[in-house]
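Visitor: For reference, the structure I am asking about is given below.
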DNA sequence: GACACCCTGACACGAGCGTGACCAGGTTAT
DNA sequence: ATAACCTGGTCACGCTCGTGTCAGGGTGTC
């Protein structure tokens, strides 16, 4: 099967050769290699590079962000931890959740009072 | 209900007041305000700040990354686009997928050949 | 009303990211 | 065999991030 070298692929996709290597380093588009080590870009890679570019421009996303998304796919533990964190509490905070929270809060307060000589305030 | 001011919350969670404002700016932990505009940290916020810290240290994640994860939750279109991109092609590329790809590839190649006077190579 | 605290906004600065440019050496097609 | 191309590595530069600090002004408590 015929393939393009990195410079040809660059010309075909609008990326610079430098960026193609960088994108590969991020794990986003990895080209197979020739026996001598040259990157060989086939249709799949070209397509991927093009759609990647669209992703970035249309959604105002950085390469690093896509890299992080990749990390999320590869580390389910991380993804799960994030899910848990987001779901565990409302972003627009409402109020107290349960008694366990209250207990922890009182402990915090005392801890605070021990180190800093401060005082609480009444809410709005 | 009693709450802590930003300095007290900082002392209780280990963040600096500066960072609490920064974290809020990223949309990660937003504290309710007093009528005068003071941030009021309750147990929910303190808990959130603590677990956020754990997230960062235990998974070697940056604040910006969590911010991006938040963006993913708020922009389903973006999340979907990323999903599509990741699923559309294998990261460890294998070969051709279907004839449509081949067609696109030939077009690319010609486009390349038109602009640059280059040539194709045989694969490894 | 005095004093301590909080607010926003700005400047500063080291560290890391995205990107280009260059180099010495290996690969490929003719 | 030679010219053109590729490779990984490194230096450079501008930019953003995380973080501290300061200034000018408002808020809360006694």
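Chains as they are written, first to last, in the numbering used here: chain A, 1 to 124; chain B, 1001 to 1124.
We treat Cβ as the ideally placed atom computed from N, Cα and C, and that holds for glycine.
Just so it is clear, the structure is predicted and the values come from calculations on it, not from any experiment.
Under the DSSP definition of a beta bridge, which residues are partnered with residue 1053 (chain B)?
Guide: The partner list for residue 1053 (chain B) (beta bridge, DSSP) is empty, contrary to what the question assumes.
Visitor: Using the C-alpha atoms, what's the distance from residue 45 (chain A) back to residue 97 (chain A)?
Guide: Because residue 97 (chain A) carries a pLDDT of 40, less than 50, the predicted location of this residue cannot be relied on, and the following value inherits that uncertainty. Their backbone Cα atoms lie some 49 Å apart in a straight line.
Visitor: Select from B:1017, B:1049 and B:1037 the residue whose C-alpha is nearest the C-alpha of residue 1029 (chain B).
Guide: Ranking B:1017, B:1049 and B:1037 by Cα distance to residue 1029 (chain B) puts B:1049 first.
Visitor: Going by Cα to Cα distance, which pick from B:1033, B:1022 and B:1068 is closest to residue 86 (chain A)?
Guide: When each option's Cα is compared against that of residue 86 (chain A), the closest is B:1068.
Visitor: For residue 1041 (chain B), count neighbouring Cβ atoms within 10 angstroms of its own Cβ and tell me buried if that reaches 16, exposed if not.
Guide: Residue 1041 (chain B) should be labelled buried.
Visitor: Assuming residue 1021 (chain B) is part of the alpha helix (DSSP H), what are its boundary residues?
Guide: It spans 1017-1025 - the alpha helix (DSSP H) in which residue 1021 (chain B) sits, taken as one unbroken run.
Visitor: With distance defined between alpha-carbon atoms, name the residue in B:1053, B:1057 and B:1079 nearest to residue 55 (chain A).
Guide: Out of B:1053, B:1057 and B:1079, B:1079 has the C-alpha closest to the C-alpha of residue 55 (chain A).
Visitor: Round the Cβ separation of residue 1059 (chain B) and residue 88 (chain A) to the nearest angstrom and send it over; I've been treating them as touching at under 8 Å.
Guide: That pair is no contact at about 15 Å.
Visitor: Ordered along the chain, which non-local residues of its own chain (more than five positions away) have a Cβ less than 7 Å from that of residue 1031 (chain B)?
Guide: Same-chain partners within the cutoff: 1024, 1039, 1040, 1041 and 1045.
Visitor: Would you decide whether residue 1099 (chain B) is buried or exposed? Buried here means 16 or more other CB atoms lie within 10 Å of its CB.
Guide: Below a pLDDT of 50, predicted positions are generally treated as unreliable, and residue 1099 (chain B), at 39, falls in that range; the measurement from the model is reported next regardless. The residue in question, residue 1099 (chain B), is exposed, as its Cβ has fewer than 16 Cβ neighbours within 10 Å.
Visitor: For residue 27 (chain A) and residue 63 (chain A), which I take to be in contact (beta-carbon distance under 8 Å), what is that distance rounded to the nearest angstrom?
Guide: The pair is not a contact, with the Cβ atoms about 11 Å apart (cut-off 8 Å).
Visitor: Can you round the beta-carbon distance between residue 1012 (chain B) and residue 1020 (chain B) to whole angstroms, since I take them to be within the 8 Å contact cut?
Guide: Going by Cβ atoms, the distance from residue 1012 (chain B) to residue 1020 (chain B) rounds to 11 Å, so no, they are not a contact pair.
Visitor: Is the shortest distance between the beta-carbon of residue 57 (chain A) and the beta-carbons of chain B less than 8 Å?
Guide: Answer no: the Cβ-Cβ gap between residue 57 (chain A) and chain B never drops below 8 Å.
Visitor: Which residues in the same chain as residue 127 (chain A) place their Cβ atom closer than 6 Å to its Cβ, once the five residues preceding and following it in sequence are excluded?
Guide: One cannot answer for residue 127 (chain A) here, as it falls past the ends of chain A, which runs 1 to 124.
Visitor: At the level of alpha carbons, what is the spacing between residue 83 (chain A) and residue 1015 (chain B)?
Guide: Distance between the alpha carbons of residue 83 (chain A) and residue 1015 (chain B) is about 22 Å.
Visitor: Taking 7 Å as the limit between beta carbons, can you name the residues of its chain near residue 1061 (chain B), skipping five residues before and five after?
Guide: For residue 1061 (chain B), where only same-chain residues beyond five positions count, the Cβ hits under 7 Å are 1055.
Visitor: Distance cutoff 8 Å, beta carbons only. Does residue 97 (chain A) sit that close to anything in chain B?
Guide: The predicted position of residue 97 (chain A) is uncertain, since its pLDDT is 40 and thus under 50; no value can be drawn from it.
Visitor: Suppose you measure from the CA of residue 1051 (chain B) to the CA of residue 8 (chain A); what does that come to, to the nearest Å?
Guide: Going from the Cα of residue 1051 (chain B) to the Cα of residue 8 (chain A) covers about 48 Å.
Visitor: Does any residue of chain A have a CB that is nearer than 8 Å to the CB of residue 1073 (chain B)?
Guide: So, interface residue.
Visitor: Could you check whether the Cβ of residue 1006 (chain B) sits closer than 8 Å to any Cβ belonging to chain A?
Guide: Taking Cβ atoms only, chain A never reaches closer than 8 Å to residue 1006 (chain B), which makes this a no.
Visitor: What residue does the alpha helix (DSSP H) around residue 1066 (chain B) start on, and which one ends it?
Guide: Note, residue 1066 (chain B): alpha helix (DSSP H), 1063-1074.
Visitor: Could you give the distance in angstroms between the alpha-carbon of residue 1033 (chain B) and the alpha-carbon of residue 1047 (chain B)?
Guide: So the two alpha carbons sit approximately 18 Å from each other.
Visitor: Among all the DSSP beta bridges, which residues are the ones paired with residue 1041 (chain B)?
Guide: B:1004.
Visitor: Cβ of residue 1085 (chain B) less than 8 Å from any chain A Cβ?
Guide: For residue 1085 (chain B), the answer is yes, since a Cβ of chain A falls inside 8 Å of its Cβ.
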